[in-house]
Amino acid sequence: MTKTILVAGGAGYIGSHIVRKLKIAGYHPVIFDNLSTGHKQSVKGEEFFWGDIRNPLDLDRVFTNYKIDAVMHFCARSLVGESMQKPEIYFENNIVGGFGLLQAMLKHQVKFIIFSSTAATYGEPESVPIDENAKQLPTNPYGESKLIFEKILHWYDKIHDIKHVNLRYFNAAGADDNGEIGEDHTPETHLIPNIFRVLNKQLDHLQVFGNDYSTADGTCVRDYIHIYDLAQAHILALKHILDGKGSDSFNLGCGKGYSINEIIKMVEKVTQKKVNYKMADRRPGDPAVLVASSEKIKKVLGWKEKYQLRDIIETAMQWHLNHPKGYAD
């Protein structure tokens with residue numbers, strides 16, 4: 129019998145790509161989203177339920193209308209800079225909202241959840257690559273909000289037997305292979321989309337935040353993972369808990385770090401265009417280097433990446449050049 133998966137935040141960048149992979153894997157996704165940052169066009173033709181995880185009535189309606197077998201939770205505010213200015217938004221949405229979702233699961237006896245967590249729970253790492261046993265000391269309220277919810281999940285497993293997998297994302301990037309869906313945020317803070325906004329002449333220049341970090345070229349180093357490699361990890365994590373393997377946490381990155389300067393050079397190589405950029409001050413809360421150890425997820429779940437950095441850039445290019453205004457096109 130086909131399993132029905134509630135995809136909370138399913139109209140967002142990550143959620144919409146995972147909805148596609150869920151269907152291919154034989155699941156029945158139901159999208160739950162308030163469209164505050166998501167786009168209904170990204171899940172056109174899919175089963176959609178408008179709702180807000182902070183509203184118990186919305187949650188009760190969706191769990192009553194559908195026999196939900198498991199939840200994938202992507203509803204979150206996720207801008208580091210904004211979290212340093214407005215922490216209250218992050219604690220309300222990411223903690224209080226997530227708690228409401230868990231209460232609805234308890235009420236309706238749903239025992240499985242895949243949680244969209246983040247490498248930001250680690251803060252400034254003591255060593256890289258970062259494995260799952262590294263200290264979790266966030267340097268911003270965004271990372272703190274995700275870590276608090278991971279701790280809540282731990283106790284809901286111990287006390288209520290709700291099984292979970294925390295997937296700690298590093299930098300999700302890229303787009304659908306056919307260029308049908310992709311990344312469209314307002315405001316846009318992610319590096320690769322903003323590079324293409326410069327190339328599309330929507331931005332005069334790219335701001336590079338800091339060139340005085342203790343890295344090879346002074347700019348931040350990050351681990352980039354293609355959105356469909358990330359989606360595949362969610363399918364494997366779902367199977368893991370549905371098969372009774374128990375709760376766990378996994379890093380979700382490729383184990384390779386690229387500086388901002390290296391990303392700019394790769395985009396210039398792929399597009400044969402020059403990227404205009406200017407240096408700016410560091411952003412508060414940004415660690416110098418975040419690179420994953422992906423050994424655990426490969427060993428336990430059998431995950432492996434399919435896409436390389438060039439693939440990430442090429443699929444992003446196809447989306448952004450064909451949809452310069454995102455879903456408004």
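One gets my numbering by counting positions in the sequence shown from 1 and adding 128 to each.
Cβ atoms here follow ideal geometry from the backbone N, Cα and C, with glycine treated the same way.
Contact check between the stretch 352 to 367 and the stretch 436 to 444: three or more CB pairs, one atom from each, fall below 8 angstroms, which counts as touching.
For E433, the number of other beta carbons within 10 angstroms of its own is at least 16, and it is reported as buried. Taking 7 angstroms as the cut-off, the Cβ atoms of N389 and D439 do not count as close. Taking the Cα of W431 as reference, the smallest distance to any Cα among R350, G338, A456 and L295 is reached at L295.
Short of 6 angstroms from the beta carbon of A301, and not among the five residues preceding or following it, lie these beta carbons of its own chain, in chain order: I320, Y352 and I440. Classified as exposed, W283 has fewer than 16 neighbouring CB atoms from the shown chains inside 10 Å of its CB.
Counting only runs of at least 3 residues, the stretch 210 to 251 fully encloses the following beta strand (DSSP E) elements, listed from N- to C-terminal order: 240 to 246.
In this structure, the alpha-carbon of G310 lies about 22 angstroms from that of H333. The beta carbons of T267 and G372 sit about 36 angstroms from each other, so the pair does not count as a contact at 8 angstroms.
For P157, the enclosing beta strand (DSSP E) stretches over residues H156 to D161. Runs of the beta strand (DSSP E) lying entirely within the stretch 358 to 384 and spanning at least 3 residues, in chain order: 376 to 380. Taking a cut-off of 8 angstroms on C-beta distances, the stretch 195 to 209 does not touch the stretch 390 to 409, as fewer than three cross pairs fall below it.
Taking C-beta atoms as the reference points, V349 and S387 count as a pair closer than 7 angstroms. Per DSSP, the beta bridge partners of F176 are I159.
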